[in-house]
Each structure stands twice: as structure tokens, then as C-alpha cells.
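Here's the structure we're looking at; comments come further down.
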Amino acid sequence: MAQVDFEERADQLSLDQIDNFLADGEFFRAARKKLLGRGAKLLVGPRGTGKTHLMRYAYSHTIKTPSAPMAIYVSFNRYLHLEPLLKKTPDALKRFHSWVLARLLLGVIQFIKDCGGKPDFLSKKISVVNEKSLLDLVFLLERNEAGDIYESFGKNITINHVVSAINIVCDNFKRSRAVLLLDDAALSLADQYLVCFFEVFRLLKVDKISPKASVYPGTTQYGPTFHASHEVEEIPLWLSVDDASYSQIMGNIANRRLFGEQQAGINPDVLELFKYVAFGIPRVFLRLLREYFDEGGKTTQQKVNKIIKAQTSLIGAEYDSLAIKVRQFSTVISVGRQLFDQMVVDVSETQKANLSKRNIVLGIRQEENRSPLTDRMLKFL
Numbered sequence: 005m006a007q008v009d010f011e012e013r014a015d016q017l018s019l020d021q022i023d024n025f026l027a028d029g030e031f032f033r034a035a036r037k038k039l040l041g042r043g044a045k046l047l048v049g050p051r052g053t054g055k056t057h058l059m060r061y062a063y064s065h066t067i068k069t070p071s072a073p074m075a076i077y078v079s080f081n082r083y084l085h086l087e088p089l090l091k092k093t094p095d096a097l098k099r100f101h102s103w104v105l106a107r108l109l110l111g112v113i114q115f116i117k118d119c120g121g122k123p124d125f126l127s128k129k130i131s132v133v134n135e136k137s138l139l140d141l142v143f144l145l146e147r148n149e150a151g152d153i154y155e156s157f158g159k160n161i162t163i164n165h166v167v168s169a170i171n172i173v174c175d176n177f178k179r180s181r182a183v184l185l186l187d188d189a190a191l192s193l194a195d196q197y198l199v200c201f202f203e204v205f206r207l208l209k210v211d212k213i214s215p216k217a218s219v220y221p222g223t224t225q226y227g228p229t230f231h232a233s234h235e236v237e238e239i240p241l242w243l244s245v246d247d248a249s250y251s252q253i254m255g256n257i258a259n260r261r262l263f264g265e266q267q268a269g270i271n272p273d274v275l276e277l278f279k280y281v282a283f284g285i286p287r288v289f290l291r292l293l294r295e296y297f298d299e300g301g302k303t304t305q306q307k308v309n310k311i312i313k314a315q316t317s318l319i320g321a322e323y324d325s326l327a328i329k330v331r332q333f334s335t336v337i338s339v340g341r342q343l344f345d346q347m348v349v350d351v352s353e354t355q356k357a358n359l360s361k362r363n364i365v366l367g368i369r370q371e372e373n374r375s376p377l378t379d380r381m382l383k384f385l
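In terms of my numbering, the sequence shown has 334 at position 330, counting the first letter as 1, and numbering is strictly consecutive.
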């Protein structure tokens, strides 16, 4: 069997591939519509659910559609490169603030270029919109070496510069409003930066500008000044296995990525099994398919068993890592793991005792005096 040759990460795909590989289905169509709509939004889902893919698709759509709002796509996935500043310099948060604004301005410049224009008209009106200086500032801040350029240039960038730049470009390209697609905004390993980021997010929520940010469920902490439940609408991007269209949507993902020979080379029952092993996460589904085709010299059952065992270990390790990301809930997370492991044992023993039963439903009794920590534990699970 030839090895599967496709890229699982959306940030490594070209804009043309983003269009071709986007899964269809009402679930994703509704999310796309909200992403380009008015108002601040949070795109919520764990790694691999398609947040980056959806944001880059939305950006590509606005480039090709003059009647669409202006869109700025910015990824903040390199924020960890600035984490050492928290220990090295007392003004780390101010430098991080400048880094965020510089990346936003570079996103404005990229929109102009992708629309076939030149950013000169913007540079003449706003002095800090200097592509070379912005690139140098971002590069050096990520290397923790931006002393001179930060003092002379970076610290002078303000929210007003970003808002003004967006409004000028909207007018220039005759766009009625703008959406900011802020990817990898969870910043889950740097709480201080996270608070700073969402303060910027809140200030960018002005007339004609709608910020959207991708975050993780359960672990993203917004700080004391940003109240997610009141200030923004959440867009869930984690397809439930209970969704009536679940199998169809996951199958659509496979059809868009696999060639005819590959589609014919996998048993439909195995394909269906992998859909549910992936638990609604497209990136996991694609990885399972890659591993299946790349695994040679074994029977189908041996390959499936090995792949599912490895996925089980990965899921467990990812869950356990939550105790590091949100240390204040480490005990709750640990108890949740014990609960889950016992649930697996109970299901297994019930299956052995009732071989004729095809379906087993495991329920958790609702109690009026149930602790909020119990609900938090279940959400982590």
C-alpha cells in the first residue's frame, strides 16, 4: 500500500488547499457564517478540530469576495517565544502588548498584498505602519533581543494605530466593516500574557471591527477584565459524535483528502471505526488514516489494534497534561482520571457478563446538591 501524502495541519496548507479540503456540513457552515458576522466571537475547540482551517478559509473567502467584510488573519502561535521575557525584564507585558499590535499591523499589510495592492498609501498616513520595522520588532521580540527597536519604535505602537489602519484600509477597498481572525489565542501556558491579550481583544471591539479569537474549552482563562460569558458569543467547533450528520461530515473529510486508490484500500467498517475513535477531531481522524496506510506487513486487525492502543495512550496523556496547564484544578483532574478509568472497567465487565447486549449506556446520576467542582471535572473529561 502506497503511503498517504497529505498535510494534517491547516497552517501548513496553501489558501487554495484550504478551499479544496474544507469539510462540508451544516455544523461547519453555521460556524463559518458566524465567523464573518458582526460582533465579538470565540471559536472554541480543542487542538485539531479545525479552528485554523476555518479561520484561513474565512480569510481566503474575503480576499476573493469584494462584498465581504475586510478580514485580517493573525496567528499568535509563537507567543511562547516571549515567555522568557517574564523572567528577564520587568516590562515583559508591555513588550508582549507591542508584539500583539505589531502582528496585527502586519496582518493588515498582508490583507492589502493579498488583495493585489501595495501598503504605501497606509504607511504615508500612519508612520508606525512600516513593514520592515514591524517584521524586525516581531523577530527580535521572539528572540528576546528587541531592546533598541522596542524603545525607539515598538513601545510607540498603540491600539489607536491598529484601529485607524483597519478603518483606512476598509475605506480604501470599499469594505463596510472588518473582522479580526485571531488564531491560537488560547495562550494556555502563559496566564499573564493571556490576560494582556484579552484586554487588547476587548479594546479592539469597536464600531465596524469585530474581533474573533480561537480558544480551548475549559483551560483558557481570560483574566479579571474580560468576561467571556457576557462580552462575546461562543462558536463551538467540536463536532459531537451524537450529531446526526457526524459520520457523513467525517466521511466528507476523508473523501476530500484520500485518493480513489486509498479510499478503495480501506474497509468501510474500519473507516467508520476511525471516525468515532477520532471523537470529532478531524486532525486525529486524518492521522489515524495516515497511520493505517503507512503501517505495512500486518493484518487489518493488527493494524487497527495497534493504532487504537496508541491513540488511547495519547488521549490519556493529553488529559493528564491539563493538570499542568491549570494547576489550580490538578486534584479535580486527577479524580476525573480515576473516574474515567473505573468507568472503562465497569463497561468492560458489563460487556463480558452480557455478551448478547450490543449497546451499553453509562449514566451519571444528577443530584440537586452536586458540587460545582463535579461539573468542572466532567467538563475537563
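Glycine included, C-beta positions come from ideal geometry on N, C-alpha and C.
Within the same chain, Cβ atoms closer than 6 Å to the Cβ of P123 are found at I113, I116, the five residues on either side in sequence being excluded.
The three-state reading of DSSP puts E299 in coil, since its state is none of H, G, I, E or B. Between R42 and S214 the beta-carbon gap is near 5 Å, inside 8 Å, which marks them as a contact. In this structure the region 86 to 98 does not lie against the region 125 to 132, because fewer than three pairs of beta carbons, one per stretch, are closer than 8 Å.
Beta-bridge partners assigned by DSSP to V219: V48.
Setting aside the 5 residues that flank it on each side, A62 is surrounded in the same chain by R36, L39, L40, A75, L185, each with a C-beta closer than 7 Å to its C-beta; the list follows chain order. A321 and H234 have their C-alpha atoms spaced approximately 33 Å apart. Here L208 is buried, its C-beta having at least 16 other C-beta atoms within 10 Å.
For E30, the uninterrupted alpha helix (DSSP H) segment begins and ends at 30 to 39. The Cβ neighbour count for T56, taken over all protein chains shown within 10 Å, is at least 16; the residue is labelled buried. The three-state reading of DSSP puts P240 in strand, counting E and B together.
Your pair R82 and E146 checks out as a contact, with CB atoms roughly 6 Å apart and the cut at 8 Å. Secondary structure in the region 275 to 326: the alpha helix (DSSP H) runs of 4 residues or longer, each lying completely within the stretch, are 286 to 298, 304 to 324 in chain order. Taking the Cα of S251 as reference, the smallest distance to any Cα among F333, H65, L275, L84 is reached at L275. Taking D298 as reference, the option from I311, P286, V288 with the minimal CA-CA separation is I311. Note that the C-beta distance between G158 and L139 is not below 9 Å. When DSSP states are grouped into helix, strand and coil, V142 belongs to the helix group.
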